[in-house]
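See structure below.
Numbering (full-length UniProt numbering), first residue to last: 1 to 290.
Here is the structure:
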């Protein structure tokens, strides 16, 4: 029987984790995720419940929902190359709602909140042309997550938004219930904006004043908003960096020293101390077995 270990529901982190000593580390994120299985079944835990996502199926996960993608565990042989993951920000959802989902009579009947954490989509019933097309869109949206806003021209930004909105609209076409999720939890939080700043350059050491200035807030207002949303700002930033550490430890051969440097930690020992404090494991325990 596998045990599920949470990484702390008060701090949003994610997307990829692993099994160590028969434990699965679930993480949560300030972003929405779509996880797509390319050629083989993948195993996922969401809120402590484990299930399989079959080949050519995908799962859309609500933000702040704890989940884990199980790689290299005993009961599966899933590799990171078997999975395509798309990260959506609240801004992506808000823009889609404003431009393409304005049927006000239907929106009035929607519940104000939705407790459901995920939706599963099965693309196996599509014909070859449709499946090829939607697989291409999924891949393009995933690649978009790797780009930075500053690296795109204005025309590229428009093209990127079109691809994202098309895919979100297609999910609504397959299951209209997901629009309830889009409209009920799409408010962009201060912590999400901070997460995007941290993820744009993991090695940078941000001060409270720098983060507040980037968000056009006073330091006092910024600290108040962040405290209400996530608690400790330092812990929030550390756990965002640990999410990237988890991903790199499980999907690359990079040394612990190189990962620590990439994430802006001055020493391997301090990085290991932070890792141990929040995840109760040493980084070397998560090395990908090849």
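Using N, Cα and C, we set each Cβ at its ideal position, and we do this for glycine too.
query, result
"Between the CA atoms of residue 182 and residue 113 - distance to the nearest angstrom", "Any reading at residue 113 must be qualified, since the residue scores a pLDDT of 49, below 50, and its modelled position is unreliable; the value itself is stated next. Rounded to whole angstroms, residue 113 to residue 182 spans 10 Å at the Cα level."
"Any non-hydrogen atom of the ligand FAD within 7 Å of residue 278 CB", "The model depicted lacks the ligand FAD and carries no ligand whatsoever."
"Segment contact flag, the region 33–45 with the region 81–100, C-beta cutoff 8 Å, min 3 pairs", "yes"
"CB contact flag (residue 165, residue 172, <8 Å)", "no"
"Close beta carbons around residue 144, own chain, < 6 Å, minus the five adjacent residues each side", "160"
"CA nearest to the CA of residue 57, picked from 65, 134, 93 and 47", "134"
"Beta-carbon gap between residue 278 and residue 239 smaller than 8 Å", "yes"
"Backbone secondary structure at residue 156 - three-state DSSP", "helix"
"C-beta contact flag for residue 262 and residue 202 at 8 Å", "yes"
"Strand pairing of residue 53, partner residues [DSSP]", "42"
"DSSP beta-bridge partners of residue 100", "Note: residue 100 sits in no beta bridge, so no partner."
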